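Below you'll find the structure, written out as structure tokens, and then a few comments.
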Amino acid sequence: MKFFRPFFLFYSTSLIGLGLFRILYFILYNERVQAVTSLPVYLMTGIRADIIVLGYFALIALMTLPVFALFKAERAWYKASTVWFAIIGLLIIFMEFATPAFIAQYDTRPNRLFFEYLAYPQEVFATLWNGFRGWFIASVGATGIAIIGIRQHTKRQLRTAPNQRMPWQAWVAWPLILFMVFVGVRSTVSHRPANPAFFATTADPLINSLFINSTYSLLYAVYNLKHESKANLVYSNQAEHEIIQTVLNEPHLAQQQYTQPNYPTVHFQPASVQREKPLNVVIILEESLGATFVESLGGLPLTPNLERLKQHGWWFERLYATGVRSVRGIEAVVAGFLPTRARSTVKLSNSQRDFFTIAEFLQRQNYTTEFIYGGEAHFDNMATFFAGNGFTSIIDQRHYENPKFVGSWGVSDDDVFGRLHERLQTAQQNPEQPYFALAFSSSNHEPFEFPDNTIELAEQPKQTLNNAVKYADYALGKFFDKAMASDYWHNTIFLVVADHDTRVYGNELVPVNKFHIPGLILGADIQPKRLTAIASQIDLLPTLVSLAGVSGELPVLGQDLSAETPAANRAMMQFGDNFGWLEDHELTVLTVDGKAMRYSYQPAQHRLTPLNEPLSQAELTRIRAHAAIPSVLYQQRLYHVPQP
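232 is the number that UniProt numbering gives to position 232 of the sequence shown; each next residue is one higher, with no gaps.
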């Protein structure tokens with residue numbers, strides 16, 4: 001096995017070195033680590049993360065072996081692998097020595113800021129020299145010693161490179177080693193491989209970052225760069241400040257009191273309902289529960305409980321999702337953020353910290369904030385995004401003891417709502433501190449698994465979309481039956497809304513009917529009401545906190561529909577590269593090649609009819625500004641309310 005000696009040396013020395021650094025961080029941040037996890041768990045989780053990133057580098061070397069062997073150059077492969085692992089070893093050491101100073105500055109391991117600031121060497125050096133001089137000198141010295149040591153070790157390995165071709169025993173071992181490395185990289189037998197969010201198991205973003213290593217953290221940030229282009233600026237040729245001002249001229253925004261000069265969309269929103277103390281706030285985000293399945297919205301009769309519940313609150317008859325993915329729905333409902341062509345801000349680097357969410361807003365109002373999910377919270381980077389932006393507690397599949405049912409996407413909706421009910425009962429015992437929860441269902445997701453004998457099936461076989469929708473509605477109705485009979489009902493406001501519809505497709509540039517979703521606000525003293533104007537998911541956040549009796553600074557561009565101003569009567573939606581703007585009965589579609597197409601939309605018939613008359617330049621500029629502004633706010637890190 002001499003041919004694989006560089007491989008084994010790389011793994012063993014790297015794991016030992018990374019483990020020692022992780023122990024150092026444990027000493028430096030002992031109180032924070034022990035507040036959320038134990039030392040054994042902290043170290044073992046770190047080893048798991050280290051095996052993942054080391055495996056990526058090892059795979060590159062292992063998979064090139066057959067190519068070298070084809071040219072009878074196994075000795076050259078041995079030497080190339082030795083040099084490759086030496087370079088990676090130096091990278092790992094350098095990153096770990098650079099980490100303590102970065103953590104001291106940003107309270108997280110190196111991320112995209114690490115390489116962004118390399119463009120400003122003078123400022124970076126001045127910061128390090130004036131703020132972290134001792135550690136800077138020690139790091140440079142230690143890195144220099146490491147370079148000398150690795151160089152000597154590499155030269156020794158190269159001198160002892162085997163002269164003969166690789167023996168058959170090594171060829172037998174090669175696929176086994178390759179398989180073991182691949183398993184280590186995947187780090188899970190579930191259908192989703194591990195990623196940095198997989199290790200976001202605590203409510204402390206720093207500790208979540210300490211579980212992984214700095215090389216992993218940095219490379220993941222580099223990987224995400226390809227999704228962080230100014231995606232939606234292709235829709236507008238206005239200057240960025242003009243884009244912002246155009247949007248702020250909207251009637252519901254023009255009258256606001258803007259409070260932060262450096263954050264131009266931040267304004268003070270007074271609550272429309274004055275309360276002695278604010279209500280608990282609960283958002284129930286329903287997976288893939290579009291209007292397609294709601295009879296009164298023109299869909300199939302599969303949600304009788306939702307139809308029953310709408311008699312108790314505010315029912316949105318023309319509410320539209322901003323996108324076709326769960327993370328897009330989260331982005332709109334939880335952060336009030338407009339959609340883009342890029343990946344959702346739930347997954348992008350700039351928004352993992354200091355990005356506005358309803359949880360952050362309510363946390364400043366002394367709320368306890370919590371995310372309750374039945375699956376794995378690391379999926380779609382939710383755990384990292386939530387932990388970094390206001391959620392103090394995250395409950396996912398690992399936290400359910402003896403669940404009633406476990407499927408491919410986690411425990412059943414009944415289990416999730418059972419946990420939500422328990423948490424609300426617990427919160428009721430501490431009435432001085434209000435409670436916020438985001439509960440995200442998952443049963444209504446392919447392969448559509450749910451408990452037997454819970455519903456009368458809509459069709460055969462059992463595991464179909466329609467049956468899963470009917471089960472999701474059953475679990476929702478069961479929860480609200482318990483909630484309405486509970487002590488917490490009178491001081492809790494609920495929002496029930498879909499993240500998106502399912503199977504969003506169509507030959508239209510934007511299939512508007514597949515963006516139509518149900519929405520319902522109920523609880524406490526909310527009186528029944530029908531909202532017939534067009535609304536967007538981004539309008540839900542300001543409306544919900546206003547009805548809960550919470551005033552404060554918000555950067556959101558959605559409308560508080562409980563205020564006295566007329567409804568904006570518009571919605572925006574992103575479908576691939578096309579941006580749709582629905583207003584009244586007209587849809588405008590912007591494409592990346594600069595075109596703008598108008599359609600008449602008849603919602604009852606789900607029909608789009610092209611209109612030949614173009615929009616006025618003022619209206620087109622307004623729509624283009626709304627399409628472009630999320631990229632401006634994201635890139636400039638403006639979607640944030642600074643701490644007092």
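Ideal Cβ placement from N, Cα and C applies to all residues, glycine included. Every value quoted in this text rests on a predicted model; they were computed, and no experiment measured them.
- Residue burial annotation: residue 385 is buried, with at least 16 other C-beta atoms found within 10 angstroms of its C-beta.
- Taking 8 angstroms as the cut-off, the Cβ atoms of residue 327 and residue 357 do not count as close.
- Per DSSP, the unbroken alpha helix (DSSP H) holding residue 470 starts and ends at 465–484.
- Three or more pairs of CB atoms, one per stretch, sit closer than 8 angstroms, so the stretch 43–59 contacts the stretch 201–219.
- Less than 8 angstroms separates the beta-carbon of residue 285 from that of residue 497.
- Rounded to the nearest whole angstrom, the CA to CA distance from residue 417 to residue 402 is 15 angstroms.
- Residue 253: member of the alpha helix (DSSP H) spanning 251–254, first to last residue.
- The shortest C-alpha to C-alpha distance from residue 494 to any of 275, 487, 241, 282 is the one to 282.
- Ranking 248, 514, 42 by CA distance to the CA of residue 18 puts 42 first.
- The three-state reading of DSSP puts residue 58 in helix, counting H, G and I together.
- With a 10 Å radius around the Cβ and a threshold of 16 neighbouring Cβ atoms, residue 33 comes out buried.
- Runs of the alpha helix (DSSP H) lying entirely within the stretch 149–193 and spanning at least 4 residues, in chain order: 168–186.
- For residue 627, the enclosing alpha helix (DSSP H) has its first and last residue at 617–635.
- Distance between residue 223 and residue 399, taken at the CA atoms: about 31 angstroms.
- Nearest C-alpha to residue 634 among 135, 556, 575, 523: 556.
- Rounded to the nearest whole angstrom, the CA to CA distance from residue 184 to residue 7 is 14 angstroms.
- One alpha carbon belongs to residue 516, the other to residue 594, and they sit about 26 angstroms apart.
- Residue state for residue 455 is assigned as coil, using DSSP reduced to three classes.
- Scanning its chain for C-beta atoms nearer than 8 angstroms, with the 5 sequence neighbours on each side dropped, one finds around residue 604 the residues 298, in chain order.
- Secondary structure remark: continuous beta strand (DSSP E) runs of at least 3 residues inside the stretch 386–437, in chain order: 393–395.
- Ranked by how close their Cα comes to the Cα of residue 510, the residues 530, 601, 567, 540 have 601 in first place.
- For residue 574, the enclosing beta strand (DSSP E) covers residues 570–575.
- In this chain, the alpha helix (DSSP H) harbouring residue 23 covers 5–28.
- Taking a 10 Å sphere around the C-beta of residue 629, we find 16 or more other C-beta atoms and assign the residue as buried.
- Residue 340 counts as buried, since no fewer than 16 other beta carbons sit within 10 angstroms of its beta carbon.
- If you look at residue 529, you'll find it in the beta strand (DSSP E) that goes 529–531.
- Contact annotation, residue 287 with residue 499: C-beta distance approximately 6 angstroms; criterion of less than 8 angstroms satisfied.
- Beta-bridge partners of residue 268 (DSSP): 257, 553.
- Under the DSSP assignment, residue 314 falls in the beta strand (DSSP E) whose first and last residues are 313–320.
- With 16 or more other Cβ atoms inside 10 Å of its own Cβ, residue 166 counts as buried.
- The DSSP-derived three-state label of residue 334 is helix.
- Residue 368 carries a strand assignment under DSSP once its states are collapsed to helix, strand and coil.
- Between the alpha carbons of residue 115 and residue 312 lies a distance of about 53 angstroms.
- DSSP, read as helix, strand or coil, puts residue 594 in coil.
- In this structure, DSSP gives residue 262 a state outside helix and strand, which the three-state scheme calls coil.
- Just so you know, the alpha carbons of residue 331 and residue 255 end up roughly 25 angstroms apart.
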